[in-house]
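Enquirer: Those letters in the sequence shown? Residues 49 to 315, per my numbering, in order.
Please read through the structure below; I'll follow up with questions.
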Amino acid sequence: MKKIIRFLNKHYIKFIYFQWFFILICILCAFNMISTTVVHILIFALNVFIFELIYIIKVLDKKNYISNNNFITKYKHKENVIKCLMLERHNCFNYLQVMYGSLQLKRYDKLDNYIIKILEEIENTNPLYRIKNQQLLDTLFKSIKKAKKNNVNMTIEIKDSFCFKKGIPFEQKAKFAECLKLFQSIIINKLKDLDSKYKVIKVRIGNDQKNNVYALILYPAVIYDDIIEALKIKHNIYDNCYSNSIRFRISKSRILILLETVKYVES
49 MKKIIRFLNK HYIKFIYFQW FFILICILCA FNMISTTVVH ILIFALNVFI FELIYIIKVL
109 DKKNYISNNN FITKYKHKEN VIKCLMLERH NCFNYLQVMY GSLQLKRYDK LDNYIIKILE
169 EIENTNPLYR IKNQQLLDTL FKSIKKAKKN NVNMTIEIKD SFCFKKGIPF EQKAKFAECL
229 KLFQSIIINK LKDLDSKYKV IKVRIGNDQK NNVYALILYP AVIYDDIIEA LKIKHNIYDN
289 CYSNSIRFRI SKSRILILLE TVKYVES
């Protein structure tokens with residue numbers, strides 16, 4: 049078991065890609081056989097397989113590193129992998145449900161096109177994989193969960209070049225995530241009771257030309273006054289400053305959060 053843990057510690061990203069490759073092969077084989085029994089077995093095996101992987105990484109690895117002073121850093125990084133696995137598991141089950149429905153209805157003509165669609169989607173890696181910062185990843189996952197609970201359509205775009213440059217203090221990264229969480233929470237709370245056509249949020253995260261980290265939130269302009277009021281009354285924020293290095297600008301339909309990182313990078 050220790051050898052398995054050491055292997056996963058070193059090659060867990062490759063293991064995830066192998067997992068998807070294995071699942072796709074099973075799906076293709078299952079539907080070539082046109083057997084609902086095989087599909088049932090595949091769904092059960094997939095469920096067991098992913099939960100076993102999560103158990104190995106999260107529980108057994110914790111015991112293995114319990115005496116290591118650097119355990120917290122390593123464990124938090126693996127939390128990112130665990131959360132991404134959970135999201136991928138949910139998406140994969142959605143695919144299987146749709147294909148299983150097509151099998152029950154004997155709509156075999158639609159299966160090939162749907163399998164091709166799945167392959168194309170999986171080729172585009174989930175953008176959340178690019179985020180290595182625990183606080184920011186937690187913020188985005190919690191916001192996605194809250195948005196779904198309130199029937200708000202929330203999309204997240206992570207730019208390819210996004211990263212926190214070396215030298216940026218941990219506290220400033222945490223403050224950036226905290227500020228983003230605040231605005232996302234306010235917006236979702238204001239949208240949840242509105243008509244469905246207004247329940248749309250888009251979040252873009254990246255780096256500008258000066259390597260400053262930014263988060264751009266696009267929201268319906270109809271709640272602009274409510275956001276300003278919430279900042280002043282509930283959160284006691286009156287000007288465009290969240291902390292020493294974090295600024296934000298609010299306009300109708302968009303909020304720009306900026307973490308000024310240049311001074312940390314230069315130092």
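We treat Cβ as the ideally placed atom computed from N, Cα and C, and that holds for glycine.
Predicted model only: the values in this text are computed from it and were never measured.
By the three-class DSSP mapping on this structure, what secondary structure does S191 have?
Expert: In the structure shown, S191 sits in a helix (DSSP, three-state: H, G or I).
Enquirer: Who pairs with A263 in a beta bridge, going by DSSP?
Expert: In the DSSP output, where bridge partners are listed per residue, A263 has I253 and I305.
Enquirer: Within this structure, are the beta carbons of L307 and Q220 separated by less than 9 angstroms?
Expert: Taking 9 angstroms as the Cβ cut-off, L307 and Q220 qualify as a contacting pair.
Enquirer: Could you check whether the Cβ of I298 sits closer than 9 angstroms to any Cβ belonging to chain B?
Expert: Absent from the structure is chain B; it holds one protein chain and no more.
Enquirer: Straight-line CA distance for A319 to I303?
Expert: The chain is shown only over 49 to 315; residue 319 falls outside these bounds and no answer can be derived.
Enquirer: Using only CA atoms, which one of Q145, L184, K193 and I275 lies nearest to A263?
Expert: Per the Cα distances, L184.
Enquirer: Can you name the start and end residues of the alpha helix (DSSP H) that I235 belongs to?
Expert: Note, I235: alpha helix (DSSP H), F218 to L239.
Enquirer: Using three-state DSSP, classify S244 as helix, strand or coil.
Expert: In this structure, S244 counts as helix in the three-state DSSP scheme.
Enquirer: Tell me the rounded alpha-carbon separation between R295 and D243.
Expert: So the two alpha carbons sit approximately 31 angstroms from each other.
Enquirer: Could you tell me the alpha carbon to alpha carbon distance between K229 and T187, rounded to whole angstroms?
Expert: Cα-Cα distance, rounded: 6 angstroms.
Enquirer: Where do the ends of the beta strand (DSSP E) carrying S209 lie?
Expert: Taken as a continuous stretch (DSSP letters only), S209 belongs to no beta strand (DSSP E), as it is neither H nor E.
Enquirer: According to DSSP, is L279 part of a helix, a strand, or is it coil?
Expert: Reduced to three states, the DSSP call for L279 is helix.
Enquirer: Alpha carbons only, please: which of K223, D274, G149 and G215 is nearest the one belonging to I236?
Expert: When only C-alpha atoms are compared, the closest one is D274.
Enquirer: If we ignore side chains and look at the alpha-carbon of each, how far apart do K196 and M202 end up?
Expert: Cα to Cα, K196 sits roughly 8 angstroms from M202.
Enquirer: Could you give the DSSP three-state label for I298: helix, strand or coil?
Expert: Looking at I298 - three-state DSSP - the assignment turns out to be strand.
Enquirer: Exposed or buried, I249, counting other C-beta atoms within 10 Å across all chains shown (16 or more means buried)?
Expert: Buried, since its Cβ has 16 or more Cβ neighbours within 10 Å.
Enquirer: Work out the CA separation of S299 and V270 for me, nearest whole Å.
Expert: If I take the Cα positions, the gap works out to 11 angstroms.
Enquirer: Looking only at its chain, what residues have a beta carbon closer than 8 angstroms to the beta carbon of A225, apart from the 5 residues adjacent to it on each side?
Expert: Here the set comprises N181, Q183, L184, D186 and T187.
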